[in-house]
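The numbers in full-length UniProt numbering rise by one with no breaks, and the one at position 154 of the sequence shown is 154.
Working notes, structure below.
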Amino acid sequence: MKKYDVTGIGNALVDIEFKVTDQFFFENGVEKGLMTLVDEERQNSLMNVINATEAKKQAGGSAANSIVAVSQFGGKSFYCFRVANDELGHFYLQDLNDSGVDIALVPERLENGITGKCLVMVTEDSERTMNTFLGITQNFSVKDVHESAIKDSKYLFIEGYLVTSPNGKEAMLYSKKVAEGAGTKVALTFSDPAMVKYFKANFDDVIGPSVDLLFANEEEAMLYTSKDNLAEAREEMKKYARHFVITMGKNGAMIFDGDTFIDIEPYKTTAIDSNGAGDMFAGAFLYGITNGHSYASSGKLASMASSKIVSQFGPRLKWHEAKEILARLNP
């Protein structure tokens, strides 16, 4: 028996979320709907002109959001990351501890530097735009990977954003090798269309012959497979992953379980914030398949959870909401 359901590796960012207007993007030269890497000066200048009265702060990062979701549904999870010995770094450690996620870092062992921050700007159409200053997380490397946790997990979950740096890519490759040697299955998320568009060759190297489970949205799936329609893209995806999930926003999702395609229906909701929807889908799905649920049942759970996420401000469920969703799945 493995100790953990899922061990994740990825960026550690404190998410600071604001509501903005499209006019704000026009006036400040922000490209809407994408994750853009910026330096600290640029990020601070944006924060200075945003109304911060309703800002919400949480430990984030794509994989971190998913790993927290695994924990909230009742799974056992571990996260490998890097933060600095500063106020936000200490906040990050405490937030993960409070979320029931096992970690190896303690305040006394943190390095000097600046903890990464992600400025999440949400518009009235519920779309999220991210400007990210990576800070010390851009130095995430092999030495931040905890072999023992990966070996003692059912799944390793790799964040796609790590492909942007040579040390991040090396950590992805190393973690995958450790997992495969220990009989731990490997799941990978593309994280963002921009990652696939500009770092496809790096993803080719990480995926190698195949991964056990791949998460993508429609745009990412078509970009990676160089297909202009989803029907062709999903067939091509079989070459890269033994199982995969393609999320389709308000149209639900499709899952390939190794033999057949499973359509996952969407749940009606009023979307106000899409931030974290894909992360939640991945986390809920990983919880499901590591805790006795079928691919179809896990997809249903993930769809229910992500529909709840987009109906509220912020990328996380409350603990009681996770329990309520599980109760709806198993009445």
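C-beta: ideal position from N, C-alpha, C; glycine also.
A quick note: this is a predicted structure, and the numbers were derived from the prediction, not measured.
Open item on the list: Beta-carbon within less than 6 Å of Lys239's beta-carbon, same chain only, minus the 5 sequence neighbours each way: which residues are those?
Closed with: Taken in chain order, the list of residues that qualify is empty.
Task: Rounded Cβ spacing between Phe78 and Val14 (contact assumed at less than 8 Å) - done: Not confirmed; about 20 Å, so no contact.
Open item on the list: Any contact between the segment 86-102 and the segment 57-73? By contact I mean 3 or more CB pairs, one from each, below 8 Å.
Closed with: A contact exists between the segment 86-102 and the segment 57-73.
TODO: To the nearest angstrom, report how far apart Thr129 and Glu219 are at their CA atoms.
DONE: Each residue's alpha carbon lies about 16 Å from the other.
Open item on the list: By the DSSP assignment, the beta strand (DSSP E) with Glu159 in it spans what residues?
Closed with: Element bounds for Glu159: Ser153 to Glu159.
Open item on the list: Along the chain, where does the beta strand (DSSP E) containing Lys77 start, and where does it finish?
Closed with: Checking the sequence shown, residue 77 turns out to be Ser, not Lys. If you look at Ser77, you'll find it in the beta strand (DSSP E) that goes Ser77 to Cys80.
Open item on the list: Using a Cβ-Cβ cutoff of less than 8 Å, which residues in the same chain neighbour Asp204 once the five nearest sequence positions on both sides are dropped?
Closed with: By the criterion of a C-beta distance shorter than 8 Å, Asp204 is surrounded by no residue of its chain, once the five residues flanking it on both sides are discounted.
TODO: Indicate whether Ala187 and Leu213 have their beta-carbon atoms separated by less than 8 Å.
DONE: Going by C-beta atoms, Ala187 is nearer than 8 Å to Leu213.
Open item on the list: Is it buried or exposed, Ala198, if we count other Cβ atoms within 10 angstroms and call 16 or more buried?
Closed with: The sequence given here places Tyr at residue 198; Ala does not occur at that position. Answer is exposed; the Cβ neighbour count stays below 16.
Task: Contacting residues, own chain, Cβ-Cβ under 6 Å from Thr36 (five flanking each side not counted) - done: Closer than 6 Å at Cβ, skipping near neighbours: Asn131.
Task: Range covered by the alpha helix (DSSP H) that runs through Tyr267 - done: Element bounds for Tyr267: n/a, residue is neither H nor E.
TODO: Identify every run of the alpha helix (DSSP H) within the segment 45-106, keeping only runs that are complete inside it and at least 4 residues long; order them along the chain.
DONE: 62-72 and 87-98, all fully within the segment 45-106.
Open item on the list: By alpha-carbon positions, which one of Lys176, Met248 and Ser141 ends up nearest to Val83?
Closed with: Minimum Cα-Cα distance from Val83 among the listed residues Lys176, Met248 and Ser141 corresponds to Ser141.
- [ ] Assign Met304 to one of two classes, buried (16 or more other C-beta atoms within 10 Å of its C-beta) or exposed (fewer than that).
- [x] Counting Cβ neighbours within 10 Å, Met304 comes out buried, since at least 16 surround it.
Task: Alpha carbon of Leu173 to alpha carbon of Asn28, nearest angstrom - done: Cα to Cα, Leu173 sits roughly 38 Å from Asn28.
Open item on the list: Check whether the segment 220-236 and the segment 262-270 are in contact - that is, three or more C-beta pairs closer than 8 Å.
Closed with: No: the two stretches stay apart, fewer than three of their Cβ pairs being nearer than 8 Å.
Task: Uninterrupted beta strand (DSSP E) stretches inside the segment 202-232 (no shorter than 3 residues) - done: The qualifying runs are 211-217.
Task: Between the CA atoms of Phe157 and Phe190 - distance to the nearest angstrom - done: When rounded, the distance between both Cα atoms is 11 Å.
Open item on the list: Alpha carbons only, please: which of Thr164, Gly258, Lys76 and Leu301 is nearest the one belonging to residue 372?
Closed with: Since the displayed the chain opens at 1 and closes at 331, residue 372 lies outside it and no answer follows.
Open item on the list: Am I right that Lys151 and Val6 are in contact with their C-beta atoms under 8 Å? What's the rounded C-beta distance?
Closed with: The C-beta distance from Lys151 to Val6 rounds to 13 Å, too long to meet the 8 Å contact threshold.
TODO: Please say whether Ala216 and Phe244 have beta carbons closer to each other than 8 Å?
DONE: Contact: yes.
TODO: Could you work out which residue in Thr184, Ile136 and Gly283 is closest to Thr3 when comparing CA atoms only?
DONE: In the sequence as displayed, the identity of residue 3 is Lys instead of Thr. Of the listed residues, the one whose Cα sits closest to Lys3 is Thr184.
- [ ] Could you tell me if Asp39 is buried or exposed, where buried requires 16 or more neighbouring beta carbons within 10 angstroms of its beta carbon?
- [x] Classified as exposed, Asp39 has fewer than 16 neighbouring CB atoms from the shown chains inside 10 Å of its CB.
Task: Distance between Pro193 and Gly33 (C-alpha atoms, nearest Å) - done: Going by C-alpha positions, Gly33 is about 10 Å away from Pro193.
Task: Burial state of Val106, where buried means 16 or more other Cβ atoms lie within 10 Å - done: Classified as exposed, Val106 has fewer than 16 neighbouring CB atoms from the shown chains inside 10 Å of its CB.
Open item on the list: Taking DSSP's pairing of strands, which residues face Phe199 in a bridge?
Closed with: Answer by DSSP bridge pairing: none, since Phe199 is not bridged.
Task: Delimiting residues of the alpha helix (DSSP H) encompassing Arg328 - done: That run of the alpha helix (DSSP H) goes Trp319 to Leu329.
Task: Backbone CA spacing between Gly249 and Phe18 [nearest angstrom] - done: Their Cα atoms are separated by approximately 22 Å.
Task: Option nearest Lys177 by Cα separation, candidates Pro266, Pro166 and Pro209 - done: Shortest Cα-Cα distance from Lys177 to any of Pro266, Pro166 and Pro209 involves Pro209.
Open item on the list: Measuring alpha carbon to alpha carbon, tell me which residue in Thr123, Leu223 and Lys323 is nearest Glu31.
Closed with: Glu31 has its Cα closest to that of Thr123, out of Thr123, Leu223 and Lys323.
Open item on the list: Is any non-hydrogen atom of the ligand ZN found closer than 7 Å to the C-beta of Ser294, if you look at the structure I gave you?
Closed with: The model depicted lacks the ligand ZN and carries no ligand whatsoever.
TODO: Could you tell me whether the Cβ atoms of Ala241 and Thr247 are closer together than 8 Å?
DONE: Cβ distance not < 8 Å, so Ala241 and Thr247 don't count as in contact.
- [ ] For Met222, count neighbouring Cβ atoms within 10 angstroms of its own Cβ and tell me buried if that reaches 16, exposed if not.
- [x] So Met222 ends up on the buried side.
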